[in-house]
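Protein chains in written order, with our numbering: chain Z, 83 to 334; chain B, 56 to 392.
Where is the CB? At the ideal position from N, CA and C, for every residue including glycine.
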Ligand SMILES: Nc1ncnc2c1ncn2[C@@H]1O[C@H](COP(=O)(O)OP(=O)(O)OP(=O)(O)O)[C@@H](O)[C@H]1O
Ligand SMILES: [Mg+2]
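Okay, here's the thing in structure tokens:
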């Protein structure tokens, strides 16, 4: 059973169709990169996967379970807010603008989800938080506030915060787009390590070298449609559609 | 800069002549104010003081403080005034605490996607901001005349659980607290709302993505950050409330202003007792302002790379600065003969 399976997922805002019958499959332990021009619906697709947005039609499953609904006797029942929160807690998300909790220290940013959502006791949560900080290379930054860290450091804390929930799937929405060029590498390195450890990841990115090196599959999204997909070498080196060709000529 | 090697260039600061003139004028006016405050004038009772020196009898009018300082200090700490002061503080704290709770609830309702809730919240603010607080105070004092009893039961059916006489429930103090709190809630809701709106949407999304419920997101992520925006105007509201409580004296609650009124009604020393009340209001306001400073500092954590200095730290830095100023010329001269 794949980790994520989308069949004919459709999403519109008013009259604007943002996702048009998207099919996508993400196998367990694999890294999938979503590429495509601005406004093509990449963020929207990610946000549908953890139900920050509600898709309007089609079937979207994470770990075999329908996102936002439960199937009983051939009928779909909408999940309650609490159940949706339970689903989200198992999916980590990393944002372009980090979105660290500004009023909390680095350590508290990493423990708050464990303590308040999973009910882990604070001491255990702190031990785990320190381990994760070591893993993302931020030993000794526990007591700092996000505003006292560089962008790259903040993004690594954000990754640690998501990992603290022990997610089965990680979503990255342009995790390096808000960073100065010299800070991009440190975040990508953490993500590469994570990929090596067997985490299932969906990454929206403009870093084509990262996609080529790490991705198992690349999806090219354009105007809400999956134009092309496949293994990185085929998609990036011998694109078949004109749209992908012109997109690649701009970003490579 | 064109300096020849070891000779340090002297820095001549900009001279602000306008500031000098302004300061002198301000100092003169300050001196006049102090002089008036501390001046003595002939007693209005026309009392005279007479001496006989070397068989010559001379009389001159009795001089008394213009602001009746002796009377101010005579009454300053009498139990009547102190009781009034305590009532004022109690009323302020109770009304403000309730007002803040009401305000946050109304603000959250106002921002809710539920149209009914947001309409109710809007109407609340509309009503309580739209009528004078003085009128509202009297309304709650006289509410027992239109609702003599309070009944808790199932509406529209004849089932009752509790039956209370409103007059016994709404003492003057309770009525005053309710009136002030409901009115304050309307103002606080606008303050709380602006604070909640000021928190970046990304914070809410991050909290959701961790699996926090909406109420957890509000309590652990949004409200603590909204506090930074909410606290300064709330401090103003608290100080304003301290003084608004004086309105309830005319409805029979003997708080600070009521107590000074009662005394001056008996001894006709109106101005000295007004001064007494004002001094107490100033003292409490000063204490509240200091508390506000530290509270703001506390909630600013994380928002600023380094917190603002405390007044004591600033004073120390000022002293150091002045000392350094006197020392610099010697250092700057350096190698000069
Ligand atoms: N809440 C919304 N209301 C209306 N339209 C929206 C909303 N959110 C997104 N859109 C529209 O949906 C389209 C897809 O947006 P999305 O953010 O998914 O694009 P994207 O591929 O992530 O782009 P980018 O690379 O710029 O982040 C855009 O045209 C955008 O204007
Ligand atoms: Mg996007």
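Neighbouring residues, chain Z, relative to residue i (Cβ below 9 Å)
{"i": "residue 260 (chain B)", "result": "129, 134, 175, 177 and 181"}
Partner residues on chain Z for residue i, Cβ-Cβ distance less than 7 Å
{"i": "residue 91 (chain B)", "result": "Going along chain Z, no residue has its Cβ under 7 Å from residue 91 (chain B), so there is no contact; the nearest lies around 49 Å."}
Under 8 Å from the C-beta of residue i: neighbouring residues of chain Z
{"i": "residue 356 (chain B)", "result": "185 and 227"}
Cβ-heavy atom distance, residue i to ligand 1, below 6 Å
{"i": "residue 126 (chain Z)", "result": "yes"}
{"i": "residue 33 (chain Z)", "result": "Absent from the structure is residue 33 (chain Z), since the part of chain Z shown begins at 83 and ends at 334."}
{"i": "residue 301 (chain Z)", "result": "no"}
{"i": "residue 100 (chain Z)", "result": "yes"}
{"i": "residue 123 (chain Z)", "result": "yes"}
{"i": "residue 159 (chain Z)", "result": "no"}
{"i": "residue 189 (chain B)", "result": "no"}
{"i": "residue 242 (chain B)", "result": "no"}
Contacts that residue i makes with chain B (C-beta to C-beta distance below 8 Å)
{"i": "residue 247 (chain Z)", "result": "265 and 266"}
{"i": "residue 167 (chain Z)", "result": "263, 266, 267 and 268"}
Beta-carbon neighbours of residue i, restricted to chain A and to distances below 7 Å
{"i": "residue 170 (chain Z)", "result": "Reference to chain A is not applicable here, since the protein chains of this structure are Z and B."}
Residue i in three-state terms, based on DSSP
{"i": "residue 239 (chain B)", "result": "helix"}
{"i": "residue 271 (chain Z)", "result": "helix"}
{"i": "residue 97 (chain B)", "result": "strand"}
{"i": "residue 183 (chain Z)", "result": "coil"}
{"i": "residue 390 (chain B)", "result": "Note that residue 390 (chain B) has pLDDT 45, beneath the 50 cutoff, so the model's placement of it is unreliable and the number below is only indicative. Residue 390 (chain B) falls in the coil class under three-state DSSP."}
{"i": "residue 63 (chain B)", "result": "coil"}
{"i": "residue 271 (chain B)", "result": "helix"}
{"i": "residue 332 (chain Z)", "result": "helix"}
{"i": "residue 225 (chain B)", "result": "coil"}
{"i": "residue 157 (chain Z)", "result": "strand"}
{"i": "residue 327 (chain B)", "result": "helix"}
{"i": "residue 308 (chain B)", "result": "coil"}
{"i": "residue 201 (chain B)", "result": "coil"}
{"i": "residue 247 (chain Z)", "result": "coil"}
{"i": "residue 93 (chain Z)", "result": "strand"}
{"i": "residue 118 (chain B)", "result": "strand"}
{"i": "residue 138 (chain B)", "result": "helix"}
{"i": "residue 103 (chain B)", "result": "strand"}
{"i": "residue 223 (chain Z)", "result": "coil"}
{"i": "residue 375 (chain B)", "result": "helix"}
{"i": "residue 292 (chain Z)", "result": "helix"}
{"i": "residue 177 (chain Z)", "result": "coil"}
{"i": "residue 85 (chain Z)", "result": "coil"}
{"i": "residue 278 (chain Z)", "result": "helix"}
{"i": "residue 208 (chain B)", "result": "strand"}
{"i": "residue 104 (chain Z)", "result": "strand"}
{"i": "residue 319 (chain B)", "result": "helix"}
{"i": "residue 163 (chain Z)", "result": "helix"}
{"i": "residue 212 (chain Z)", "result": "helix"}
{"i": "residue 146 (chain B)", "result": "helix"}
Under 9 Å from the C-beta of residue i: neighbouring residues of chain B
{"i": "residue 194 (chain Z)", "result": "262, 265, 267, 275 and 276"}
Amino acids of chain B, ordered along the chain, whose beta-carbon sits closer than 7 Å to that of residue i
{"i": "residue 198 (chain Z)", "result": "267, 271 and 275"}
Residue i: CB within 6 Å of a non-hydrogen atom of ligand 3
{"i": "residue 95 (chain Z)", "result": "With respect to ligand 3, the structure offers nothing, as its ligand set consists of ligand 1 and ligand 2."}
Which residues, in order along the region 256-280 of chain B, keep a beta-carbon less than 8 Å from a beta-carbon of chain Z? Those would be 257, 258, 260, 261, 262, 263, 264, 265, 266, 267, 268, 269, 271, 275, 276, 279 and 280, in chain order.
Report yes or no: do the region 158-168 of chain B and the region 303-321 of chain B share at least 3 C-beta pairs separated by less than 8 Å? no
Pairing CB atoms from the region 280-296 of chain B with CB atoms from the region 189-199 of chain Z, are three or more of them under 8 Å? Taking a cut-off of 8 Å for Cβ pairs, the region 280-296 of chain B and the region 189-199 of chain Z do not touch, as fewer than three such pairs fall below it.
Say whether the region 283-297 of chain Z touches the region 103-122 of chain Z, bearing in mind that this needs 3 or more beta-carbon pairs closer than 8 Å, one atom from each stretch. yes
Would you call the region 168-181 of chain B and the region 148-155 of chain B in contact, with 3 or more CB pairs under 8 Å? no
Taking 8 Å as the threshold, find out whether the region 242-250 of chain B comes into contact with the region 175-183 of chain B through three or more Cβ pairs. Result yes; three or more Cβ-Cβ pairs closer than 8 Å.
Quick test of the definition: if touching needs 3 or more C-beta pairs under 8 Å, does the region 236-248 of chain Z touch the region 169-184 of chain Z? yes
Cβ-based contacts, 8 Å cut-off: residues of the region 155-166 of chain Z near chain B: 163 and 164
Using 8 Å as the threshold, is the region 253-273 of chain B in touch with the region 160-169 of chain Z, meaning 3 or more CB pairs across them? yes
Quick check: the region 225-233 of chain B against the region 96-103 of chain Z, are at least 3 beta-carbon pairs closer than 8 Å? no
Are the region 300-316 of chain B and the region 184-199 of chain B in contact at 8 Å, needing three or more beta carbon pairs? yes
Contact between the region 269-286 of chain B and the region 130-140 of chain B is defined here as three or more beta-carbon pairs at a separation below 8 Å; is this criterion met? no
Should the region 117-126 of chain B be called in touch with the region 83-98 of chain B, which here means at least 3 C-beta pairs below 8 Å? yes
Assess contact between the region 196-207 of chain Z and the region 276-283 of chain Z, defined as three or more Cβ pairs (one per stretch) separated by less than 8 Å. Is contact present? At 8 Å Cβ cutoff, the stretches do not touch.
Indicate whether the contact test is met: 3 or more Cβ pairs, each with one atom in the region 127-147 of chain Z and one in the region 86-94 of chain Z, closer than 8 Å. The region 127-147 of chain Z is in contact with the region 86-94 of chain Z.
If contact is defined by three or more beta carbon pairs under 8 Å, each pair taking one atom from either stretch, is the region 123-131 of chain Z in contact with the region 248-265 of chain Z? yes
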